[in-house]
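Undergrad: Residue numbers (my numbering): 2 to 297.
Just so it is clear, CB atoms sit at the ideal spot from N, CA and C, and this is done for glycine as well.
The structure's right below; bear with me while I get my questions together.
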Amino acid sequence: MRPTSARLFRSLQALWHENPLGLPRSGTPPTWGKRPVRRKITGVEKVIAVSSAKGGVGKSTVAANLSLAFARLGFRAGILDTDIFGPSIPTLFDLSGEPRLSNNNQLIPLTNYGVKTMSMGYLVGENAPVVWRGPMVMKAIQQLLHEVEWGGLDVLVLDLPPGTGDTQLTITQQVILDGSVIITTPHTLATKDAVKGINMFKTVDVNILGLVQNMSLFQCPHCHGETNIFGSNARVEKLCQEHKIDFLGDIPLHPNIGDDGDRGKPTVVAEPTSERASAFLKIAQDICPKINLSSN
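Below, the structure written as structure tokens:
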């Protein structure tokens, strides 16, 4: 292993459309066919995509806690932040600094809480914007998918950005996905966009493992009364029935979940015995048989 000499995006290499991450090249650089071919990520057994077509529904928080839940269940787990423009994983895992390079010039993941992570946020300054057009984004995603040395994982969680655009299309064309998980809130605007995400995965023939309803219920810490802040759960239940997908579970609306993430210690590790952590663990447990992930 060796450190990179300077931030990758400050070199001229970062301007190459074929190498937007600016990774050092020795010998013949990797070549990709013009027609995308789905293939496995080297060193990874199972890959699941966590998606929401709507931003602000807590998708990255759920993805981070799911990866930690898999690790807590005894699996070698990792998470790949595929949001080029607004990466969240460095903050959620309290990680920073540029990753080292392997002898094969592959990026070495940064690890915390027993989970290996990779993110665009490690490759640029904390406040530096990535101002790129679609082709550069697609190539960068391709490099993050296939030029990271994961070192052997049972399961890799892909934290997708909101929407149904270039990033989602590149991932579904480049990687054999074992399934996708849709995140939504009960809010009408969120469920409407969740349907778009569901239809996208159906169109590209990726199995939908189920739907997670985040921020589903708020319990007052004083009177313990329960309130559906963003609307009735019936809307999400109907959505699952209409699209014939499984309902994986509820994550409550609780201030600790957001606070845990903000301080870089997600709920599964910050409050491992809480009902909130148990909700994430149950979802991970329910996903395991759906992707033939076993601890044997």
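1) Rounded to the nearest angstrom, what separates residue 142 and residue 168 at their Cα positions?
2) Determine the contact status of residue 179 and residue 80, defining contact as a CB-CB distance below 9 Å.
3) Could you check the C-alpha separation between residue 271 and residue 261 for me, to the nearest Å?
4) Name the one or two DSSP bridge partners that residue 185 has.
5) In whole angstroms, give me the CA-to-CA distance for residue 152 and residue 224.
6) Residue range of the alpha helix (DSSP H) that residue 137 falls in?
7) Once DSSP output is grouped into helix, strand and coil, what is the label at residue 120?
8) Reducing DSSP to helix, strand and coil, say where residue 52 ends up.
9) Using a Cβ-Cβ cut-off of 9 Å, state whether residue 107 counts as contacting chain B.
10) Pull up the distance between the alpha-carbon of residue 148 and that of residue 226, whole angstroms please.
11) Just mark residue 286 as buried or exposed, buried being the case when its beta carbon has 16 or more other beta carbons within 10 Å.
12) Give the list of continuous alpha helix (DSSP H) stretches no shorter than 4 residues that lie fully inside the stretch 69-96.
13) Which residues in the same chain as residue 71 place their Cβ atom closer than 7 Å to its Cβ, once the five residues preceding and following it in sequence are excluded?
14) I need the straight-line Cα distance from residue 196 to residue 115, nearest angstrom please.
15) Between 296, 158, 218, which lies nearest to residue 52 when the distance is taken from Cα to Cα?
16) Roughly how many whole angstroms lie between the Cα atoms of residue 83 and residue 61?
17) Within 10 Å of its beta-carbon, does residue 16 have 16 or more other beta-carbons around it, so buried, or fewer, so exposed?
18) Can you have a look at residue 38 and say buried or exposed, based on whether 16 or more other CB atoms are within 10 angstroms of its CB?
19) Evaluate the contact criterion for the stretch 90-100 versus the stretch 119-130: three or more CB pairs, one atom per stretch, below 8 Å.
20) Helix, strand or coil for residue 24 per DSSP?
21) Go through its chain and collect everything with a Cβ distance to residue 228's Cβ below 6 Å, but skip five positions before and after it.
22) Can you give the Cα-Cα distance for residue 90 and residue 161, rounded to whole angstroms?
23) Nearest-angstrom Cα distance between residue 45 and residue 75?
24) With which residues is residue 156 paired in a DSSP beta bridge?
25) In the DSSP assignment, the alpha helix (DSSP H) including residue 168 goes from what residue to what residue?
26) In or out: residue 59 buried (at least 16 other Cβ within 10 Å) or exposed?
27) Less than 9 Å between the beta carbons of residue 189 and residue 236, yes or no?
28) Could you give the uninterrupted runs of the alpha helix (DSSP H) lying entirely in the stretch 255-283, keeping only those of 4 residues or more?
TA: Put simply:
1) Counted from its first residue, the sequence shown places residue 142 at position 141. Counted from its first residue, the sequence shown places residue 168 at position 167. Roughly 7 Å separates the two Cα atoms.
2) Counting from 1 along the sequence shown, the entry for residue 179 is found at position 178. Counting from 1 along the sequence shown, the entry for residue 80 is found at position 79. It is not a contact, given that the beta carbons lie outside the stated cut-off.
3) For the purposes of this step, residue 271 is taken as residue 270 along the sequence shown, with counting starting at 1. For the purposes of this step, residue 261 is taken as residue 260 along the sequence shown, with counting starting at 1. Rounded to whole angstroms, residue 271 to residue 261 spans 7 Å at the Cα level.
4) Stepping through the sequence shown from its first residue, residue 185 is reached at position 184. Residue 185 pairs with 214.
5) If you number the sequence shown from 1, residue 152 lands on position 151. If you number the sequence shown from 1, residue 224 lands on position 223. Cα-Cα distance, rounded: 49 Å.
6) Looking up residue 137 in the sequence shown gives position 136. It spans 135-147 - the alpha helix (DSSP H) in which residue 137 sits, taken as one unbroken run.
7) Numbered from 1 along the sequence shown, position 119 holds the residue referred to as residue 120. It is a strand residue.
8) Within the sequence shown, numbered from 1, the residue matching residue 52 stands at position 51. Residue 52: strand per DSSP, three-state reduction.
9) The displayed structure is made up of one protein chain only, and chain B is not part of it.
10) In the sequence shown, residue 148 corresponds to position 147, counting from 1. In the sequence shown, residue 226 corresponds to position 225, counting from 1. About 50 Å.
11) Counting from 1 along the sequence shown, the entry for residue 286 is found at position 285. Exposed, since its Cβ has fewer than 16 Cβ neighbours within 10 Å.
12) 90-93
13) In the sequence shown, counting from the first residue as 1, residue 71 sits at position 70. These residues qualify, in order along the chain: 78, 156, 285.
14) Within the sequence shown, numbered from 1, the residue matching residue 196 stands at position 195. Within the sequence shown, numbered from 1, the residue matching residue 115 stands at position 114. Cα to Cα, residue 196 sits roughly 34 Å from residue 115.
15) Taking the first residue of the sequence shown as position 1, residue 52 is located at position 51. It is 158.
16) On the sequence shown, position 82 is the one that residue 83 refers to. On the sequence shown, position 60 is the one that residue 61 refers to. Cα to Cα, the separation comes out at about 10 Å.
17) If you number the sequence shown from 1, residue 16 lands on position 15. A caution first: residue 16 carries a pLDDT of 47, below 50, which makes its placement in the model unreliable, though a value can still be read off. It counts as exposed.
18) If you number the sequence shown from 1, residue 38 lands on position 37. It counts as exposed.
19) yes
20) For this step, residue 24 is matched to residue 23 along the sequence shown. Looking at residue 24 - three-state DSSP - the assignment turns out to be coil, as it is neither helix nor strand.
21) If you number the sequence shown from 1, residue 228 lands on position 227. Within the same chain, residue 228 has close Cβ partners 219.
22) For this step, residue 90 is matched to residue 89 along the sequence shown. For this step, residue 161 is matched to residue 160 along the sequence shown. Answer to the nearest angstrom: the Cα atoms are 11 Å apart.
23) To locate residue 45, count along the sequence shown from 1; it is residue 44. To locate residue 75, count along the sequence shown from 1; it is residue 74. About 15 Å.
24) As a first step, residue 156 is located in the sequence shown; it is residue number 155 there, counting from the start. Beta-bridge pairing links residue 156 to 47, 78.
25) The count along the sequence shown starts at 1 and reaches residue 168 at position 167. Unbroken alpha helix (DSSP H) run through residue 168: 167-175.
26) Here residue 59 refers to the residue found at position 58 of the sequence shown. So residue 59 ends up on the buried side.
27) Position 188 of the sequence shown, counted from the start, is the residue given in the question as residue 189. Position 235 of the sequence shown, counted from the start, is the residue given in the question as residue 236. Yes.
28) 256-263, 268-271
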